[in-house]
Ligand code: 5GP
Ligand code: ZN
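Numbering (my numbering), first residue to last: 10 to 123.
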């Protein structure tokens, strides 16, 4: 997608603080962090949202979730607990329509979310 912010980050056309890269996924720090650790994990391939990712072929969703967990370990929040969130659709607060997992940790996370 030529006009997608996260495709541009994946293509290194827009800078981001990348913390992990695999063959098919990329993780970078959120520009407006909501927790001490707040990393976005995307498939490099464009899919609009979690529904599209779930229908993508050959385990791409699996790769994204595994990358999110690997980032939690790398960032030292895995033991204390962390949250993986896919805001899906405008009613859930999705603003960037290239699917991304928010990986949040480093503080207590209340439930239910807002
Ligand atoms: P959503 O609201 O779609 O679930 O999440 C989009 C996230 O992308 C937000 O948390 C927002 O702070 C983050 N974001 C928006 N633009 C940029 C950017 O240019 N760089 C980075 N690193 N994060 C961004
Ligand atoms: Zn994209």
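Idealized CB from N, CA, C, for every residue including glycine.
Worksheet item: At which residues does the alpha helix (DSSP H) containing residue 78 begin and terminate?
Response: For the purposes of this step, residue 78 is taken as the residue at position 69 of the chain shown. Run containing residue 78: 69 to 84, per the alpha helix (DSSP H) assignment.
Worksheet entry | Assigned exposure category for residue 85 - 16 Cβ within 10 Å defines buried | Working through the chain shown from its first residue, we reach residue 85 at position 76. So residue 85 ends up on the exposed side.
Fill in: Exposure of residue 66, with buried meaning 16 or more beta-carbon neighbours within 10 Å
Start at 1 with the first residue of the chain shown, and residue 66 comes out as number 57. Burial call: exposed.
Worksheet item: Per DSSP, which one or two residues make a beta bridge with residue 100?
Response: Position 91 of the chain shown holds residue 100. Residue 100 pairs with nothing; no bridge assigned.
Worksheet item: Name the DSSP bridge partner or partners of residue 124?
Response: One cannot answer for residue 124 here, as it falls past the ends of the chain, which runs 10 to 123.
Worksheet item: Per DSSP, residue 27 forms a beta bridge with which residues?
Response: The sequence position of residue 27 within the chain shown is 18, counting from 1. DSSP, once it has assigned bridges, lists 37 as partnering residue 27.
Worksheet entry | Spatially closest choice to residue 115 from 36, 80, 11, by CA coordinates | Here residue 115 corresponds to residue number 106 of the chain shown, with the count starting at 1. Among 36, 80, 11, the Cα nearest to that of residue 115 belongs to 80.
Worksheet item: Comparing alpha-carbon positions, which option in 30, 13, 99, 105 lies nearest residue 77?
Response: On the chain shown, position 68 is the one that residue 77 refers to. Residue 30 is the option with its Cα nearest to residue 77.
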